[in-house]
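Encoded as structure tokens, the structure appears first; notes follow it.
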Amino acid sequence: MKYYIIAGEASGDLHGSNLIKALKIKDPNADIRCWGGDLMQQAGGTLVKHYKKLAFMGFLQVITSIRTIFKNIAFCKEDIANFNPDVVVFIDYSGFNLRIAKWAKENNFNTNYYISPQIWASREGRISKIKRDINAMYVILPFEKEFYEKKHNFPVHFVGHPLIDAINNKPTISAIDFKTAHNLDVEKPIIALLPGSRKQEVENMLTIMLSVTKSFPNYQFVIAGAPSLDLDFYKPFLKNAQIKLVSNKTYDLLNSSYAALVTSGTATLETALLKIPQVVCYKASWLSYQIAKRIITLDYISLVNLIMKKEVVKELIQNDLNTKNLTYELSKILENENREKLLEHYYELEKKLGGKGASEKTATLIIKNV
Numbered sequence: 000m001k002y003y004i005i006a007g008e009a010s011g012d013l014h015g016s017n018l019i020k021a022l023k024i025k026d027p028n029a030d031i032r033c034w035g036g037d038l039m040q041q042a043g044g045t046l047v048k049h050y051k052k053l054a055f056m057g058f059l060q061v062i063t064s065i066r067t068i069f070k071n072i073a074f075c076k077e078d079i080a081n082f083n084p085d086v087v088v089f090i091d092y093s094g095f096n097l098r099i100a101k102w103a104k105e106n107n108f109n110t111n112y113y114i115s116p117q118i119w120a121s122r123e124g125r126i127s128k129i130k131r132d133i134n135a136m137y138v139i140l141p142f143e144k145e146f147y148e149k150k151h152n153f154p155v156h157f158v159g160h161p162l163i164d165a166i167n168n169k170p171t172i173s174a175i176d177f178k179t180a181h182n183l184d185v186e187k188p189i190i191a192l193l194p195g196s197r198k199q200e201v202e203n204m205l206t207i208m209l210s211v212t213k214s215f216p217n218y219q220f221v222i223a224g225a226p227s228l229d230l231d232f233y234k235p236f237l238k239n240a241q242i243k244l245v246s247n248k249t250y251d252l253l254n255s256s257y258a259a260l261v262t263s264g265t266a267t268l269e270t271a272l273l274k275i276p277q278v279v280c281y282k283a284s285w286l287s288y289q290i291a292k293r294i295i296t297l298d299y300i301s302l303v304n305l306i307m308k309k310e311v312v313k314e315l316i317q318n319d320l321n322t323k324n325l326t327y328e329l330s331k332i333l334e335n336e337n338r339e340k341l342l343e344h345y346y347e348l349e350k351k352l353g354g355k356g357a358s359e360k361t362a363t364l365i366i367k368n369v
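Just so we're aligned: 332 in numbering that gives the first Met the number 0 is position 333 of the sequence shown, and the numbers increase by one with no gaps anywhere.
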């Protein structure tokens with residue numbers, strides 16, 4: 000069969016690549032065309048557009064890039080029509096994908112959505128578009144099934160979280176080997192800094208994260224460099240010898256770390272599944288935050304706390320994210336008593352996520368539903 004898969008971010012590229020691998024095992028003749036990144040291409044998809052050319056963050060940047068966005072939408076529709084797939088698979092990236100889904104359904108393409116738009120967090124009214132335009136939905140968070148089926152009478156499949164497979168399938172490296180390979184101090188424990196993957200996001204987060212380093216001279220701080228950003232971008236943040244950068248090795252970095260400061264997003268869940276104590280950070284521009292505050296209806300911003308339905312990890316948001324508060328909260332998770340309690344919550348979290356096999360389950364259902 001012919002599959003057209005659309006992912007627009009680094010996380011979508013990761014999960015899309017594992018989905019492609021699963022599809023090719025179950026359908027050896029699969030012809031897959033995709034929007035995504037290097038991982039999806041390496042897995043066997045024909046890459047049409049790289050996510051690096053699609054990343055627009057913040058309301059102002061979206062507005063100023065509107066012509067490019069509409070050009071991408073028009074090109075995507077044309078490319079799907081020319082390829083004529085048996086199924087179109089959308090992976091997260093809702094602003095773009097829901098627009099394509101409307102057109103695809105109107106043109107009689109089979110529309111499948113893997114990794115639901117977060118309509119449970121904001122703009123819940125989008126459920127009408129999903130019910131109209133999506134043939135099958137595969138959700139990865141346990142509370143999403145209840146949200147769709149009980150609240151909105153829209154049947155979905157809970158397949159488990161693909162991060163569990165991504166983490167379990169990745170070869171591990173010891174902390175000493177990791178430090179040696181990246182010219183780090185083998186004696187000092189690592190505090191990982193995960194400031195995000197987009198330029199504006201990283202610029203917002205890294206300065207405040209780095210402001211705590213003087214208070215922790217017995218630790219070394221290592222920035223998780225995003226694959227979408229090059230070394231030159233990070234150079235201004237590396238003037239202090241205590242600060243290091245390791246790019247495109249986030250899992251290895253976290254596995255070798257004692258604690259982490261993490262920008263809100265999927266990375267908070269990755270950090271928890273790798274059993275690393277963390278402080279969750281979020282700070283946007285004043286305008287973006289004011290708009291987001293009015294449309295997001297959640298008690299928490301981190302997936303860890305949302306899934307657990309209580310505060311398991313500390314969240315420092317907007318004005319609360321400052322050097323004093325971040326220093327205090329980081330100090331807390333470096334203490335053994337707090338770490339042990341946090342790790343207990345992490346193991347409970349993993350059980351709630353449904354175990355291994357999300358990619359295989361999704362691939363099986365996609366093929367079955369065509």
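Quick reminder that beta carbons are idealized off the backbone N, C-alpha and C, glycines included.
For the alpha helix (DSSP H) containing residue i, list its first residue and its last residue.
| i | result |
| --- | --- |
| F177 | A174 to A180 |
| Y250 | T249 to N254 |
| T45 | It is not in any alpha helix (DSSP H) - T45 instead sits in the beta strand (DSSP E) that spans T45 to H49. |
| Y233 | L230 to Y233 |
| R125 | Segment: none, R125 is in no alpha helix (DSSP H) and carries neither H nor E. |
| F82 | I65 to F82 |
| P161 | P161 to N167 |
| E328 | T322 to I332 |
| L398 | Lying before the first or after the last residue shown, residue 398 is absent from the chain, which here runs from 0 to 369. |
Have a look at the DSSP bridge pairing and note the partners of residue i.
| i | result |
| --- | --- |
| D30 | K1 |
| A6 | I90 |
| M307 | Per DSSP, none; premise fails for M307. |
| M136 | Y112 |
| G224 | S246 |
| I189 | Q219 and S256 |
| C280 | T262 and L315 |
| H156 | Y137 |
Do you know how far the Cα of residue j is from the Cα of residue i?
| i | j | result |
| --- | --- | --- |
| L97 | N217 | 48 Å |
| A6 | D30 | 17 Å |
| G11 | D91 | 7 Å |
| T67 | T45 | 22 Å |
| L237 | P276 | 24 Å |
| N247 | A225 | 6 Å |
| K150 | S227 | 37 Å |
| G57 | G195 | Below a pLDDT of 50, predicted positions are generally treated as unreliable, and G57, at 46, falls in that range; no measurement from the model is reported. |
| V311 | Y112 | 29 Å |
| V61 | Y50 | Low confidence applies here, because V61 scores a pLDDT of 49, under 50, leaving its location unreliable and the question unanswered by this model. |
| D319 | H156 | 38 Å |
| G356 | K52 | 30 Å |
| E314 | I366 | 40 Å |
| F108 | F82 | 11 Å |
| I79 | I4 | 10 Å |
| K23 | S330 | 47 Å |
| T361 | L18 | 7 Å |
| F220 | F74 | 42 Å |
| I172 | N321 | 33 Å |
| F55 | E8 | Residue placement at F55 is flagged as unreliable, the pLDDT there being 48, under the threshold of 50; a coordinate-derived value is accordingly withheld. |
| N239 | V261 | 20 Å |
| K48 | D37 | 10 Å |
| I133 | A100 | 7 Å |
Could you check where the beta strand (DSSP E) with residue i kicks off and where it finishes?
| i | result |
| --- | --- |
| L431 | Examination of residue 431 is not possible in this model, given that the chain is present from 0 through 369 alone. |
| G356 | No beta strand (DSSP E) contains G356, which DSSP labels as neither H nor E. |
| Y299 | Here Y299 belongs to no beta strand (DSSP E), and DSSP marks it neither H nor E. |
Using CA atoms only, rank isn't needed, just tell me which of the options is closest to residue i.
| i | options | result |
| --- | --- | --- |
| K351 | K101, N304, S246 and C75 | N304 |
| T326 | S255, L302, A240 and K213 | K213 |
| G353 | R66, I332, N368 and F142 | F142 |
| S256 | K323, F232, S196 and D176 | D176 |
| E105 | R131, E77 and E123 | R131 |
| F232 | K198, M208 and S301 | K198 |
| P170 | M39, N254, W34 and L260 | N254 |
| A223 | N168, A191 and A240 | A191 |
| S16 | Y2, K25, G43 and Y3 | G43 |
| E200 | Y281, R338 and N71 | Y281 |
| K308 | Y345, T322, V221 and V278 | Y345 |
| I163 | L13, L272, A9 and K331 | L272 |
| Q241 | L302, F215 and A258 | F215 |
| L342 | K20, D298 and K274 | K274 |
Check whether the Cβ of residue i lies closer than 7 Å to any Cβ atom in chain C.
| i | result |
| --- | --- |
| K331 | Absent here is chain C; the protein component of the structure consists of one chain. |
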